[in-house]
């Protein structure tokens, strides 16, 4: 990712407390090219994601057709996640989205926008919205 993306994400990451930390793990894209088999590429990506999961995480698939949440609803979700004591994994698909079987295993699906957004902006938006949700939970004046 370009430096401006890391800088943007880190702006919010460093504001979050330890019990609400944000980690980002990238996986390699499935093989693409001229005449690529997109289903196979998404399957490769899904397997790489599955290989990184421990099996006890709460999975939230980011999908265009997922449920849209307000910031207040995200804060409520985040509070429930914290109380459950499980790690949360936000699944962001590659350029062709998440492989359907992986998305189907998610505990929730969430749409941050009906627009198709580039990954760099999604990272910053997620970091900022998670920070904003945390500020709502603790009564911090950031969210007015």
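Numbering (the working numbering), first residue to last: 574 to 717.
Heads up, the beta-carbon is just placed ideally off N, CA and C, and yes, glycines get one too.
Quick caveat, the model's predicted, so the values are computed rather than measured.
Assumed close pair residue i, residue j - CB separation to whole angstroms, cut-off 8 Å
i: residue 639; j: residue 678; result: Residue 639 to residue 678, Cβ: 14 Å. No contact.
i: residue 600; j: residue 618; result: 6 Å
i: residue 644; j: residue 705; result: 5 Å
i: residue 720; j: residue 664; result: Absent from the structure is residue 720, since the part of the chain shown begins at 574 and ends at 717.
Length of the line joining the Cα atoms of residue i and residue j
i: residue 585; j: residue 673; result: 31 Å
i: residue 592; j: residue 612; result: 37 Å
i: residue 697; j: residue 604; result: 26 Å
i: residue 633; j: residue 575; result: 25 Å
i: residue 702; j: residue 669; result: 24 Å
i: residue 587; j: residue 577; result: 15 Å
i: residue 629; j: residue 661; result: 9 Å
i: residue 648; j: residue 631; result: 16 Å
i: residue 650; j: residue 710; result: 11 Å
i: residue 680; j: residue 580; result: 30 Å
Under the three-state DSSP convention, the category residue i falls into
i: residue 636; result: strand
i: residue 704; result: helix
i: residue 607; result: coil
i: residue 678; result: coil
i: residue 671; result: coil
i: residue 641; result: strand
i: residue 662; result: strand
i: residue 585; result: helix
Residue i, buried or exposed, once every other Cβ within 10 Å from all chains shown has been counted against 16
i: residue 715; result: exposed
i: residue 653; result: exposed
i: residue 676; result: buried
i: residue 623; result: exposed
The region 647 to 661 / the region 606 to 621 touching (three or more Cβ pairs under 8 Å): no
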